[in-house]
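For the sequence shown, position 90 matches number 181 in this note's numbering, and the numbering has no gaps at all. Where is the CB? At the ideal position from N, CA and C, for every residue including glycine.
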Amino acid sequence: MGQFRKRLSEYLFIWALGGSLYYTFELVFRGFSHWSMFVLGGICMVFFTVQGQMLHWQDPLWRQIFRGTIFITAMEFITGIIVNKWMHLQVWDYTDQPFQLFGQICLPFALIFSGLCALGILLSGYLLYWLYGEEKPNFTL
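Printed below as a string of structure tokens:
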């Protein structure tokens with residue numbers, strides 16, 4: 092039971108950190124955000140952590156970023172369909188952006204998210220090592 096509580100604590104911490112960081116990022120660059128972006132940011136940060144831990148942080152960083160970017164883009168699309176289309180909350184709309192799909196995802200923001208993904212992977216790996224004594228990440232390009 093002790094290992095379960097430790098892992099739960101790690102994932103809740105990482106989720107809250109990811110949610111807070113993404114929500115703050117949106118406030119700084121957009122001037123507003125929505126609670127769903129906190130949830131989504133947290134889920135993405137947990138994904139970065141889980142994929143890193145499953146592979147013992149041995150995959151090259153570019154591959155982890157690629158995997159994370161695909162995950163983020165897919166989750167943004169799903170969240171957008173739910174929040175913007177079904178619930179009509181109009182949190183974001185990319186219809187004026189190039190290479191967009193239903194106004195929910197677009198190439199320019201996928202590229203921006205890849206940079207955030209890199210930061211999230213590095214941050215989650217080192218924080219779990221420093222704070223929880225998890226395996227030290229061995230990032231390579």
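Does the beta-carbon distance from residue i to residue j come in below 8 Å?
| i | j | result |
| --- | --- | --- |
| leucine 131 | serine 124 | no |
| alanine 201 | isoleucine 156 | no |
| methionine 145 | glycine 109 | no |
| threonine 170 | serine 127 | yes |
If contacts are defined as beta-carbon pairs under 8 Å, then residue i and residue j qualify, I think. What distance do you get, rounded to the angstrom?
| i | j | result |
| --- | --- | --- |
| phenylalanine 139 | glycine 211 | 5 Å |
| serine 205 | isoleucine 105 | At roughly 19 Å, the Cβ-Cβ gap does not stay under 8 Å, so serine 205 and isoleucine 105 are not in contact. |
What would DSSP say about residue i, mapped onto helix, strand or coil?
| i | result |
| --- | --- |
| leucine 180 | coil |
| leucine 192 | strand |
| tryptophan 106 | helix |
| glutamate 226 | coil |
On the DSSP bridge assignment, give the partners of residue i in chain order.
| i | result |
| --- | --- |
| cysteine 197 | Gln191 |
Rounded to whole angstroms, what is the Cα-Cα separation between residue i and residue j?
| i | j | result |
| --- | --- | --- |
| glutamate 225 | phenylalanine 190 | 40 Å |
| tyrosine 114 | leucine 152 | 24 Å |
| aspartate 184 | glutamine 94 | 42 Å |
| glutamine 142 | glycine 122 | 31 Å |
| aspartate 150 | leucine 218 | 18 Å |
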